[in-house]
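Visitor:
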Amino acid sequence: MEEQRKKVTIVLFSGTLDRALAAFIIATSAAAMGMDVTIFFTFWGLNVLKRHGQQPKGKGWMRRMLNWMNRGTARQLPLSRFDFAGLGPWMMGRLMREQRMQSLPEMIVQAKSLGVKFIVCTTSCGLMGIEQGNVIPEADLFAGAATYLGEASKAQVNLFI
Amino acid sequence: MEEQRKKVTIVLFSGTLDRALAAFIIATSAAAMGMDVTIFFTFWGLNVLKRHGQQPKGKGWMRRMLNWMNRGTARQLPLSRFDFAGLGPWMMGRLMREQRMQSLPEMIVQAKSLGVKFIVCTTSCGLMGIEQGNVIPEADLFAGAATYLGEASKAQVNLFI
Amino acid sequence: MEEQRKKVTIVLFSGTLDRALAAFIIATSAAAMGMDVTIFFTFWGLNVLKRHGQQPKGKGWMRRMLNWMNRGTARQLPLSRFDFAGLGPWMMGRLMREQRMQSLPEMIVQAKSLGVKFIVCTTSCGLMGIEQGNVIPEADLFAGAATYLGEASKAQVNLFI
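Residue numbers (our numbering), protein chains in the order written: chain A, 1 to 161; chain B, 1 to 161; chain C, 1 to 161.
This is the structure:
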């Protein structure tokens, strides 16, 4: 009888490059080890899945303002420390290339090819006025906290990042 | 024989509106699904349980200064991004009402009615000079890390928010 | 037949005093309760294990600049809120002593004496140019995400702090 596959879930709440990298390094490593991995993108973490050049607008001036301030995709996220208006992330990208690490957009592609499941939080989408067209096609599912909890309650490793 | 109820614990360390909302959306969803949920409020997360109009003072000028700076209850928490001296949380509240989401104070009431257990971290209370009278009556228990760990080690989902 | 020991893992990603304290209070409490505890230090969390007076330099001007900005050891970490250029952490230290709490460097020593295992993230070390000589001797192991996941998938409590 085969042993059941281990399962990992990550809530990616943060929209900073450093935390998104941590989430994707853990997710791709786990998937490469044969684990079943789900990332639930919520709040600022949704930026990681936003489609480049398709910034959401949303209904009402408040959403438009929020989306204008909160622009940024996986190609361009701030650092939680030492951001310096984008200089920090640029330097981080250079250091990563020098270490032959993948960039965040490359990690997204790799995660998908390893079978990592991407769930987009519908509550956050509603709040921020993000629609399916604003999200990259790698997203598997739009769902809420109940779907996340169904997966997490069967997993061995659950992280909130 | 009945299957055992799934169990969720959340350490709420952060005192920002966005992270507190994430914690309460997960907690109330889990409780509504029949899971057994405990939130352990510690450090800045204690603000969520502070009683309105009963800001703690504490012993010594350092505690008084800390509590004066760290004022705020579930009705008035900053956002981790785009706070703009309270404009951000006000806009978030408007967007939430428009989406027919509950406010954080309403989620606290709902969580209690669904049986979510609130533990207040005694170590943080001692450090910050917070007393029982400064905390809303919804708190179930004042206890330390050992009590939290006793619960977490029996849970399927443990998050640090 | 003896029941198996419960297991706790913590990813310490943050380099702030408040989050490091939360991690170490949970870690030492769990170890004192007889649980098997591993802390995986990554990104800004590496600062907690940096050796005083041995700030890493690293190869290239970008790493030197990053390490110069990101200086700080367990003796001197910023607070995530109310840091005020070090005044906040100094006050926190005074309040902790008054409450007879251990300082962070003392907690590190206690954690080791209770058998807590410290893993240093090799990916972060490579990125930031941190070498073995820059890290305190209490570190047990330099390893990557796969080692962390091996431990976490056997643990009951896994936290990302």
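Built from N, CA and C at the ideal position, the CB exists for glycine as well.
Mind checking who A:Phe-41 pairs with in its DSSP beta bridge?
Guide: A:Phe-41 pairs with A:Leu-12, A:Val-120.
Visitor: Listed in chain order, which residues of the region 123-150 of chain C have Cβ atoms closer than 7 Å to some Cβ of chain A?
Guide: For the region 123-150 of chain C, which is checked against every Cβ of chain A, the residues closer than 7 Å are Thr-123, Gly-126, Leu-127, Ala-145, Ala-146, Leu-149.
Visitor: From which residue to which residue does the beta strand (DSSP E) around C:Phe-222 run?
Guide: Here chain C covers residues 1 to 161 and nothing more, so residue 222 of chain C does not appear.
Visitor: Is C:Arg-63 close to chain A? Criterion is C-beta to C-beta, closer than 8 Å.
Guide: It does: the Cβ of C:Arg-63 has a partner Cβ on chain A nearer than 8 Å.
Visitor: So what's A:Leu-141 in DSSP terms, helix, strand or just coil?
Guide: Residue state, collapsed to three classes: strand.
Visitor: Less than 8 Å between CB atoms is the rule here; does B:Ala-30 satisfy it with respect to chain C?
Guide: B:Ala-30 does not count as touching chain C.
Visitor: Are the region 112-125 of chain B and the region 138-151 of chain B touching by the rule of at least three beta carbon pairs closer than 8 Å?
Guide: In short, these stretches touch, since the Cβ pair count reaches three.
Visitor: What does C:Lys-7 pair with, by DSSP beta-bridge criteria?
Guide: Looking at the DSSP assignment, C:Lys-7 forms a beta bridge with C:Asp-36.
Visitor: Between which two residues does the alpha helix (DSSP H) harbouring A:Leu-104 extend?
Guide: That run of the alpha helix (DSSP H) goes 104-113.
Visitor: Closer than 8 Å is the cut-off here; do at least three beta carbon pairs connect the region 123-130 of chain A with the region 62-69 of chain A?
Guide: Yes, the region 123-130 of chain A touches the region 62-69 of chain A.
Visitor: Evaluate B:Gly-15 with the Cβ neighbour count: other Cβ atoms within 10 Å of its Cβ, from every protein chain shown; 16 or more gives buried, anything less gives exposed.
Guide: Looking at its Cβ environment, which holds 16 or more other Cβ atoms inside 10 Å, B:Gly-15 is buried.
Visitor: Alpha carbon to alpha carbon, how far is A:Gln-110 from A:Gln-76? Give it in angstroms, no decimals.
Guide: Cα to Cα, the separation comes out at about 18 Å.
Visitor: Which bits of chain B does C:Met-33 rub up against, with CB to CB less than 7 Å?
Guide: By Cβ distance, chain B contributes Ala-146, Leu-149.
Visitor: Of all Cβ atoms in chain B, is any one closer than 8 Å to the Cβ of C:Leu-46?
Guide: No, no contact with chain B.
Visitor: Between B:Arg-100 and B:Ala-30, what straight-line distance do the alpha-carbon atoms span, to the nearest angstrom?
Guide: Those two C-alpha atoms are separated by around 19 Å.
Visitor: Expressed to the nearest angstrom, what Euclidean distance is found between the alpha-carbon atoms of C:Glu-151 and A:Gly-34?
Guide: Taking the straight line joining both Cα atoms gives about 15 Å.
Visitor: According to DSSP, what are the bridge partners of C:Lys-50?
Guide: C:Val-135.
Visitor: So C:Lys-7 and C:Lys-154 are in contact, right, with Cβ under 8 Å, and what is the actual spacing, rounded?
Guide: That belief holds up - the Cβ atoms of C:Lys-7 and C:Lys-154 are roughly 6 Å apart, short of 8 Å.
Visitor: B:Leu-159 and B:Leu-17: beta carbons closer than 8 Å?
Guide: It is not a contact, given that the beta carbons lie outside the stated cut-off.
Visitor: Using a Cβ cut-off of 8 Å (strictly closer), state whether B:Met-69 contacts chain F.
Guide: Within the model displayed, chain F is absent; protein chains A, B and C are what it includes.
Visitor: Among C:Val-157, C:Thr-123, C:Gly-133, which residue has its Cα nearest to the Cα of C:Gly-144?
Guide: For C:Gly-144, the nearest C-alpha among the options comes from C:Thr-123.
Visitor: Under 8 Å between beta-carbons, which chain B residues line up against C:Ile-39? List them in chain order, please.
Guide: Per Cβ cutoff of 8 Å: no residues; C:Ile-39 is ~13 Å from chain B at best.
Visitor: So is A:Ile-119 in contact with chain C if we call contact Cβ pairs under 8 Å?
Guide: It does not: the Cβ of A:Ile-119 has no partner Cβ on chain C nearer than 8 Å.
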